[in-house]
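Q:
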Amino acid sequence: MKTQTTIGAKTVMAVTGVFLLLFVLGHMVGNLQYFAGEETLNAYAEMLQGLGPLLWIIRLSLLAIFLAHVISATTVVRRNRAARPVAYACKENLTSTFASRTMLMSGLIVGAFVIYHLLHFTVVLDANLAAIKHPEGGALDVYGMVTAAFSHGPTTLIYVIANILLALHCSHGVQSALQTFGLRSEKCAACQRLTSHAIGALILLGNLAVPLSIHFCNCRA
Amino acid sequence: MKLTLHVWRQKNASDQGRMETISADGVSPDMSFLEMLDLVNDRLEKEGVEPIAFDHDCREGICGMCSLMINGVAHGPEAGTTACQLHMRSFQDGDSIHIEPWRSRAFPVIRDLIVDRASFERIQHAGGYVSVNCGGAPDGNAVPISKIEADLAMDAAACIGCGACVASCPNGSAMLFVAAKVAQFAHLPQGQPERKKRVQAMVATMDAEGFGACSNHYECEAVCPKDIPVKFIGELNREYLRTACGD
Ligand code: FES
């Protein structure tokens with residue numbers, strides 16, 4: 531299949547989008563273990579760290595999938611921009627939604643956020659957080675690091691904004707992928723749209739539960 | 366009715382073009398949109414001004430020649446209606462109406478509101494046909510086709526190739542058009558021999574002509590004068606993917 535054709539590029543975007551969505555959901559479930567307490571979350575983090583080479587295989591596959599998603603999106607966006615060189619003086623939007631029209635923007639900002647998030651919790655540029663993550667002589671304390679990070683207002687705000695955009699992106703992306711695979715049916719169009727929005731809402735609530743609960747009620751009892 | 370028109374005027378393909386304001390007096394609500402333009406053109410001609418050039422042919426909603434962006438909506442405010450079948454009763458006395466040509470790289474403006482839609486013809490030439498051997502007409506009902514399949518083929522075949530889908534799509538995508546042309550044959554036994562070749566060739570030509578890709582805004586379905594549903598785009602994707610492997 532030629533990935534440069536309109537349908538080819540859309541297919542790559544949809545397939546990689548499915549993997550990225552699965553990752554986002556898995557990541558979310560992992561993070562929600564914060565509510566199960568310090569031990570559970572830290573044990574989960576230890577388990578991931580203990581994967582060794584497998585962890586790197588997963589990381590590199592994710593990176594490849596992410597890049598393929600971005601490259602196919604670039605192909606589609608460039609083609610689409612070129613397809614309408616002269617804009618209308620007056621144009622109505624009848625069925626397109628805020629989410630569908632802002633896929634590029636939401637995608638770019640979420641992409642930038644992913645880099646920030648990696649530097650924040652994986653690379654840990656902040657010396658204070660690094661000290662909490664690996665206390666001298668102590669075991670890995672991801673729980674403590676998360677709690678400290680979201681006690682900080684501006685950081686929490688960045689996560690809120692990024693997750694709203696991620697939710698918007700997925701709420702259009704899921705239904706879009708179904709259509710690209712030819713799985714969207716007329717009979718089920720409304721329920722597929724609803725499912726797509728529900729997945730967006732789930733990601734929003736699931737991802738923000740931890741930061742917001744720390745920020746507003748400091749759940750670390 | 367008295368209206369104020371904001372019309373795109375462009376002398377030829379290389380002219381820059383601009384919006385011009387032209388008033389329309391004595392418009393009857395019973396006139397069609399094109400008759401209203403005829404009325405304005407009569408006056409312009411009497412005044413020695415170049416009349417507004419626009420495309421039309423059948424004026425009964427079957428040929429797909431009329432192609433006007435009316436107040437930002439392809440074919441105007443009436444759903445499932447071509448510009449030629451749109452009547453002035455859909456507007457209010459004193460309204461301002463924006464009239465623009467289709468905007469797409471693959472539909473260059475030739476003059477005023479007329480665009481060149483030969484790119485659609487080239488997509489059709491690439492695969493929008495069935496090869497039939499010469500000879501006597503086959504017996505009726507010799508090839509049984511289920512009612513469901515026949516209906517689907519007819520729904521797709523309702524496309525008149527006006528280009529409103531491209532005009533309204535934020536990406537200038539022709540996928541609804543190509544989908545309809547592919548689907549009308551994919552549902553019939555006559556379309557089977559060239560099924561694989563057809564979808565590949567038509568999509569390749571669509572891409573080569575510079576149309577955009579569908580990003581599922583579904584603006585095309587909303588303006589299609591023949592109400593072609595976007596489910597055919599899903600079908601086109603499926604047809605394409607099914608036949609693309611091994612490329
Ligand atoms: S002029 Fe033929 S469809 Fe409008």
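Those protein sequences? They're chains A and B, same order as listed. Everything in the first sequence is counted per this note's numbering, starting at 531 for the first residue and increasing by one. Everything in the second sequence is counted per this note's numbering, starting at 366 for the first residue and increasing by one. Idealized CB from N, CA, C, for every residue including glycine.
#1: Going by DSSP, what residue range makes up the beta strand (DSSP E) through M384 (chain B)?
#2: Which parts of the stretch 487-570 of chain B are runs of the alpha helix (DSSP H), unbroken and 4 residues or longer, counting only runs that do not cross its ends?
#3: Less than 7 Å between CB atoms is the rule here; does M384 (chain B) satisfy it with respect to chain A?
#4: Under a CB-based cut-off of 7 Å, is V542 (chain A) close to chain B?
#5: In or out: Q557 (chain B) buried (at least 16 other Cβ within 10 Å) or exposed?
#6: Return the residue from the list A:H664, A:I662, A:G560 that minimises the CA-CA distance to I733 (chain A).
#7: Given 8 Å as the limit, is there contact between the stretch 392-402 of chain B and the stretch 480-489 of chain B, that is, 3 or more CB pairs closer than that?
#8: Out of B:Q489, B:I435, B:Q549, B:A448, state which residue places its alpha-carbon closest to the alpha-carbon of H421 (chain B).
#9: Less than 8 Å between the CB atoms is what I'm expecting for L651 (chain A) and I595 (chain A), so what's the real figure, rounded?
#10: So what does DSSP say about A617 (chain A), is it helix, strand or coil?
#11: Counting only Cβ pairs nearer than 8 Å, list the residues of chain B close to A729 (chain A).
#12: With a cut-off of 7 Å, does the C-beta of F550 (chain B) fall near any C-beta of chain A?
#13: Secondary structure at S626 (chain A), three-state DSSP: helix, strand or coil?
#14: For chain B, check one thing: does any of its Cβ atoms lie closer than 7 Å to the Cβ of V606 (chain A)?
#15: With DSSP collapsed to three states, give me the class of W586 (chain A).
#16: When you compare the stretch 530-543 of chain B with the stretch 603-615 of chain A, are there three or more beta-carbon pairs, one atom per stretch, that lie closer than 8 Å?
#17: Residue range of the beta strand (DSSP E) that I475 (chain B) falls in?
#18: Can you find a CB in chain B that lies within less than 7 Å of the CB of P615 (chain A)?
#19: What residue range is occupied by the uninterrupted beta strand (DSSP E) comprising S461 (chain B)?
#20: Among B:W467, B:I462, B:D592, B:A515, which one has its Cα closest to the Cα of P554 (chain B)?
#21: By Cβ distance, which residues of its chain are closer than 7 Å to A522 (chain B), with the 5 residues on each side in sequence left out?
#22: In terms of residues, what are the limits of the alpha helix (DSSP H) holding R607 (chain B)?
#23: Quick one: is T570 (chain A) buried, meaning 16 or more other Cβ sit within 10 Å of its Cβ, or exposed?
#24: Going along chain A in order, which residues have a C-beta closer than 8 Å to the C-beta of I598 (chain B)?
#25: Which whole-angstrom value describes the C-beta separation of E443 (chain B) and T625 (chain A), a residue pair presumed to lie in contact below a C-beta threshold of 8 Å?
#26: For A751 (chain A) and L742 (chain A), what's the separation of their Cα atoms in angstroms?
#27: Going by alpha carbons, who is nearest to Y673 (chain A) out of A:E576, A:A719, A:L698, A:A619?
#28: Are the C-beta atoms of L638 (chain A) and some chain C residue less than 7 Å apart?
#29: For my contact list, K596 (chain B) and R714 (chain A) are in at a C-beta cut-off of 8 Å; report their separation, rounded to the angstrom.
#30: Is the CB of D612 (chain B) under 7 Å away from at least one CB in chain A?
#31: From Y494 (chain B) to R424 (chain B), what does the alpha carbon distance come to, in whole angstroms?
#32: Select from A:K532, A:T536, A:M558 the residue whose C-alpha is nearest the C-alpha of G730 (chain A).
#33: So what's M430 (chain B) in DSSP terms, helix, strand or just coil?
#34: Is the CB of N602 (chain B) under 7 Å away from at least one CB in chain A?
#35: Contact check, N581 (chain B) vs F711 (chain A) under 8 Å by CB: the rounded distance?
#36: If you reduce the DSSP assignment to three classes, tell me which class L696 (chain A) lands in.
A: Result, derived from the coordinates:
#1: 383-389
#2: 512-522, 529-533, 540-551
#3: yes
#4: no
#5: exposed
#6: A:G560
#7: no
#8: B:A448
#9: Sequence inspection shows Phe at residue 651 (chain A); the Leu mentioned does not correspond to that position. 20 Å between Cβ atoms; not a contact.
#10: coil
#11: Note that residue 729 (chain A) is Ile in the sequence shown here, rather than Ala. Those do not exist, as I729 (chain A) stays about 15 Å from chain B at its closest Cβ, beyond 8 Å.
#12: no
#13: coil
#14: yes
#15: helix
#16: yes
#17: 474-476
#18: yes
#19: 461-465
#20: B:A515
#21: Q549
#22: 596-609
#23: exposed
#24: Q709
#25: In fact, because the Cβ distance is near 16 Å, the residues do not count as touching under 8 Å.
#26: Because A751 (chain A) sits at a pLDDT of 43, beneath the cut-off of 50, its placement in the model cannot be relied upon, and the following sentence gives the value as read from the coordinates. Each residue's alpha carbon lies about 15 Å from the other.
#27: A:E576
#28: The question asks about chain C, but that chain is absent: this structure's protein chains are A and B.
#29: 7 Å
#30: Its pLDDT being 48, under 50, D612 (chain B) is placed unreliably in this model, and the value from its coordinates should be taken loosely. Chain A contact via Cβ: present.
#31: 26 Å
#32: A:M558
#33: coil
#34: yes
#35: About 12 Å separates the two Cβ atoms, so there is no contact after all.
#36: helix
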